[in-house]
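Visitor:
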Amino acid sequence: MMTDRRKFLQKATALSSAALVSTIPSWAKDLDNALKASQGITADKMATEEEFWYYIQQAFTVSPGIINLNNGGVSPAPKTVQDAMKRYYDLSNEAPSYYMWRILDQGREPLRANLAALAGCSPEEITMNRNSSEGLETIIFGLQLKAGDEVVLSKQDYPNVINAYKQREKRDGRFQAAEGCPRT
Numbered sequence: 010m011m012t013d014r015r016k017f018l019q020k021a022t023a024l025s026s027a028a029l030v031s032t033i034p035s036w037a038k039d040l041d042n043a044l045k046a047s048q049g050i051t052a053d054k055m056a057t058e059e060e061f062w063y064y065i066q067q068a069f070t071v072s073p074g075i076i077n078l079n080n081g082g083v084s085p086a087p088k089t090v091q092d093a094m095k096r097y098y099d100l101s102n103e104a105p106s107y108y109m110w111r112i113l114d115q116g117r118e119p120l121r122a123n124l125a126a127l128a129g130c131s132p133e134e135i136t137m138n139r140n141s142s143e144g145l146e147t148i149i150f151g152l153q154l155k156a157g158d159e160v161v162l163s164k165q166d167y168p169n170v171i172n173a174y175k176q177r178e179k180r181d182g183r184f185q186a187a188e189g190c191p192r193t
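Next up, the structure:
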């Protein structure tokens, strides 16, 4: 199993590069080269490599007039992802039921297998959802909790997590909050 983000990024880059070789724009080739050049460089050193971070920045279409420090719940997708989504959106609107059921739906399990290979696990350990909120809520609503169980939350928890536990509390009864933490 991979143990660090750099190995994950390198593996992800290799996989995506192999799939998109003929359609890679020059900025993405520069990013691919920068990622390859970063191998063996410590995280502290990479933090100061402005040229490397320039290539990362170019992979996104964020407005230069705004400094976006909130990439938690509303993080931007890389340009290649935006372009692919636009292509599939257009394709799906050309013949909606055909592409949805006969093309796109058929790609789900091969995608799961590729994601599992990337993450170093079996396809059965991979689930796909639309975003982190949906993933966290799937876990929270699936936990076997009953009234009186202790749930540890803090004021700094992600609001959707707190709200999911509030909903669970209404449904299942009051949970005990750990000392120093607000009640859900």
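Quick note, my numbering runs 9 ahead of the 1-based positions in the sequence shown. Heads up, the beta-carbon is just placed ideally off N, CA and C, and yes, glycines get one too.
Could you check the C-alpha separation between residue 79 and residue 85 for me, to the nearest Å?
Guide: Here residue 79 corresponds to residue number 70 of the sequence shown, with the count starting at 1. Here residue 85 corresponds to residue number 76 of the sequence shown, with the count starting at 1. Answer to the nearest angstrom: the Cα atoms are 10 Å apart.
Visitor: Return the CA-CA distance between residue 171 and residue 83, expressed in angstroms with no decimal places.
Guide: Residue 171 sits at position 162 when you count from the first residue of the sequence shown. Residue 83 sits at position 74 when you count from the first residue of the sequence shown. Roughly 18 Å between the two C-alpha positions.
Visitor: Quick check on the DSSP output: what are the complete alpha helix (DSSP H) runs of length 4 or more inside the segment 77–165, in order along the chain?
Guide: Segments of the alpha helix (DSSP H) lying fully in the segment 77–165: 88–103, 117–128 and 141–151.
Visitor: Using 10 angstroms around the beta-carbon of residue 107, count the other beta-carbons present and answer buried if the total reaches 16, otherwise exposed.
Guide: Taking the first residue of the sequence shown as 1, we reach residue 107 at position 98. Exposed, since its Cβ has fewer than 16 Cβ neighbours within 10 Å.
Visitor: Given that a residue counts as buried once 16 or more other Cβ atoms are within 10 Å of its Cβ, and exposed if not, what is residue 177?
Guide: Here residue 177 is taken as the residue at index 168 of the sequence shown, counted from 1. Flag for residue 177 reads buried.
Visitor: Taking residue 178 as part of the alpha helix (DSSP H), name the residues at either end of that continuous run.
Guide: Translated into the one-based positions of the sequence shown, residue 178 becomes position 169. From DSSP, the alpha helix (DSSP H) with residue 178 extends over 168–181.
Visitor: Which of helix, strand or coil does DSSP assign to residue 59?
Guide: As a working note, residue 59 is residue 50 in the sequence shown. Reduced to three states, the DSSP call for residue 59 is helix.
Visitor: Helix or strand or just coil, what does DSSP make of residue 46?
Guide: Within the sequence shown, numbered from 1, the residue matching residue 46 stands at position 37. The answer is helix: DSSP assigns residue 46 an H, G or I state.
Visitor: Within this structure, are the beta carbons of residue 121 and residue 156 separated by less than 8 Å?
Guide: Taking the sequence shown and counting its residues from 1, the one referred to as residue 121 is at position 112. Taking the sequence shown and counting its residues from 1, the one referred to as residue 156 is at position 147. Cβ distance not < 8 Å, so residue 121 and residue 156 don't count as in contact.
Visitor: CA-CA distance, residue 16 and residue 41?
Guide: Position 7 of the sequence shown holds residue 16. Position 32 of the sequence shown holds residue 41. Between residue 16 and residue 41, the C-alpha separation is close to 14 Å.
Visitor: Put residue 75 into one of helix, strand or coil per three-state DSSP.
Guide: Reading the sequence shown from its first residue, position 66 is the one you call residue 75. Note: residue 75 maps to coil in three-state DSSP.
Visitor: Is it true that the CB of residue 119 sits closer than 8 Å to the CB of residue 125?
Guide: As a position in the sequence shown, residue 125 is number 116, starting the count at 1. As a position in the sequence shown, residue 119 is number 110, starting the count at 1. Not closer than 8 Å, so no.
Visitor: Run through DSSP, which three-state label would residue 69 get?
Guide: Taking the first residue of the sequence shown as position 1, residue 69 is located at position 60. In this structure, residue 69 counts as coil in the three-state DSSP scheme.
Visitor: What is the rounded straight-line gap between the Cα of residue 46 and the Cα of residue 159?
Guide: Within the sequence shown, the letter at position 37 stands for residue 46. Within the sequence shown, the letter at position 150 stands for residue 159. Taking the straight line from one Cα to the other gives about 47 Å.
Visitor: What's the gap between the Cα of residue 76 and the Cα of residue 67?
Guide: Along the sequence shown, read from residue 1 onward, the residue named residue 76 stands at position 67. Along the sequence shown, read from residue 1 onward, the residue named residue 67 stands at position 58. Cα to Cα, residue 76 sits roughly 14 Å from residue 67.
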